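In my numbering, the protein residues as written are 79 to 461. Where a beta carbon is used, it is the ideal one built from N, C-alpha and C, also for glycine. Quantities reported herein were computed from a predicted structural model and do not represent experimental measurements.
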C-alpha cells in the first residue's frame, strides 16, 4: 500500500491520466458500436425491402429503402432501388431526384439511370419514343425485363391502349406464368376489355401464390359483386376487413353483399357506421340509397342517391337507381330527364369500349380519338 502511495506521490497525475485513457477507449468503443449498429440497421432495412419487393409490397419497400438511404447515402444501388420503387408507385418527381443522386455518385449517366429514365417516360404514356430501346432489351432477356414489361404495360393502360397492354402482359406471363404483378395487371386489363371470367382467374391465381395480396383480393371481391356472386365476395371481404378494419371501401362492399343476400338489417347497420365516420363517403351514400329503395322508401332513396350523384354524376348505376326512385314517387318528368341522360351515358360507354378495344389500337397517335375520349368524359361529368 505504501509503495502504491509512494508511486502516486511521485506521479500525482498518473491516475487521472489512466482514467482519461480508459474513458477515451470507452468513447471509441461506443462510437464503434454505434456505427456498427447503424450499419446493421441499414442492412436490416435493405434486406427487408428486398423481401417486400419480391412480393410487390412497394409502399413497404420504399419506406425501408428510404431509411436505408439515410445511412448509406453514398450507395448507388440503394438510390437506384428507391428511384425504381418511387417510379413504380407513380412518384416520378422522387424517382428523378434519386436518379440525380445516382449520377452524382457515379458521375456521368450510368446505363442503369438511362434505363430508369426510359421507364419513367414509358410509364407516363410516352412509350413510342422509347419502345425500340426497351424491346431490344426484352428480346435480349435483360435482367430488368420484368420491370420493363411492367412499365410498358402501365404506360399503355394509362393511354387507353389496353390491346397493346394485353400483348405485353401475355408475353410477360409466357415467360413467368406465376408472376404476381403480371397476373394482377392482366386482371385489370381483362376487366376493361374482357373476358371478365379470365380477370377473375387472374386474381385467384395471384391469391394462390400470395394470400396477403390485398389489392388482388379487393379487385376480385368487387368483380364478384358485379357478377352477382355476393357469397364468394363476402369470403374475401371478411379477410380484408380483418386485415384493414378501417377501410371504408371494404365495409361498404360488405354491406352490398349483405344487401344482395337479403340481410338488410346488417347492411343498414354497417352503412350507418360508415356514414358516422364520413357522412360524405360517396360509395356509402349510393349503397344507402339502394338499400332504401329495396325497403320501399323511395323518397329517402332519392335523397341518398342525389347526394352520391352530386359527387360523381357519371355513376351509371346510381343514376339508374335514382330514376327508379323518381318513378316510384311518380315524379315522371324528373325521372324522364334522368332516363334520357342514362341513354346518352349508355351510348357513350359503348363508344368508349369500342375505342379502347379496337380503334385506339389501330391508330394510337390519332388525336381525334383522344379528343373524343375527353369529350365523353366531360359530358359524363366524371370525377
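Beta-carbon spacing of residue i, residue j below 8 Å
| i | j | result |
| --- | --- | --- |
| residue 167 | residue 137 | yes |
| residue 328 | residue 315 | yes |
| residue 342 | residue 369 | yes |
| residue 241 | residue 432 | no |
| residue 148 | residue 160 | no |
| residue 282 | residue 298 | yes |
| residue 198 | residue 157 | no |
| residue 139 | residue 130 | yes |
| residue 362 | residue 318 | no |
| residue 145 | residue 176 | no |
Contact belief for residue i with residue j at Cβ below 8 Å, rounded distance in angstroms
| i | j | result |
| --- | --- | --- |
| residue 366 | residue 382 | 5 Å |
| residue 334 | residue 376 | 20 Å between Cβ atoms; not a contact. |
| residue 401 | residue 424 | No, residue 401 and residue 424 are not in contact; Cβ-Cβ is about 12 Å, not under 8 Å. |
| residue 244 | residue 271 | 7 Å |
Residues near residue i by beta carbon distance below 6 Å, same chain, minus five either side
| i | result |
| --- | --- |
| residue 380 | 403 |
| residue 364 | 386, 396 |
| residue 280 | 261, 264, 265 |
| residue 190 | 158 |
| residue 185 | none |
| residue 233 | 200, 201, 203, 205 |
| residue 172 | 164 |
Proximity to residue i [Cα-Cα], best of the options
| i | options | result |
| --- | --- | --- |
| residue 307 | 332, 239, 326 | 332 |
| residue 397 | 407, 414, 420 | 420 |
| residue 151 | 250, 180, 125 | 180 |
| residue 250 | 271, 238, 237, 219 | 219 |
| residue 358 | 387, 378, 375, 374 | 387 |
| residue 262 | 295, 245, 236 | 295 |
| residue 202 | 169, 156, 400, 215 | 169 |
| residue 222 | 429, 244, 194 | 194 |
| residue 457 | 153, 391, 405, 187 | 391 |
| residue 153 | 178, 373, 345 | 178 |
| residue 268 | 248, 254, 412 | 248 |
| residue 254 | 234, 324, 287 | 287 |
Close-in-space but distant-in-sequence residues of the same chain around residue i (CB under 8 Å, 5 per side omitted)
| i | result |
| --- | --- |
| residue 339 | 308, 309, 312 |
| residue 305 | 274, 278 |
| residue 215 | 193, 222, 223, 226 |
| residue 236 | 201, 202, 203 |
| residue 344 | 333, 336 |
| residue 355 | 326 |
| residue 196 | 208, 211, 212 |
Cutoff 7 Å; reference residue i; Cβ partners in own chain excluding five residues on either side
| i | result |
| --- | --- |
| residue 259 | 134, 228 |
| residue 438 | 238, 239, 447 |
| residue 230 | 200, 205, 212, 246 |
| residue 441 | 447 |
| residue 454 | 426, 429, 430 |
| residue 300 | 331 |
| residue 408 | none |
| residue 346 | 369 |
| residue 252 | none |
Buried versus exposed call for residue i [16 or more other C-beta atoms within 10 Å across all chains shown]
| i | result |
| --- | --- |
| residue 112 | Model confidence at residue 112 stands at a pLDDT of 47, short of 50, so the residue's coordinates are unreliable; what they give is reported in the following sentence. Looking at its Cβ environment, which holds fewer than 16 other Cβ atoms inside 10 Å, residue 112 is exposed. |
| residue 426 | buried |
| residue 422 | exposed |
| residue 336 | buried |
| residue 155 | exposed |
| residue 393 | buried |
| residue 320 | exposed |
| residue 128 | exposed |
| residue 257 | buried |
| residue 125 | exposed |
| residue 165 | buried |
| residue 399 | buried |
| residue 352 | buried |
| residue 90 | The predicted model places residue 90 with a pLDDT of 47, which falls under 50 and marks its position as unreliable; any figure quoted below should be read in that light. Residue 90 is exposed by the Cβ-count criterion. |
| residue 187 | exposed |
| residue 302 | buried |
| residue 207 | exposed |
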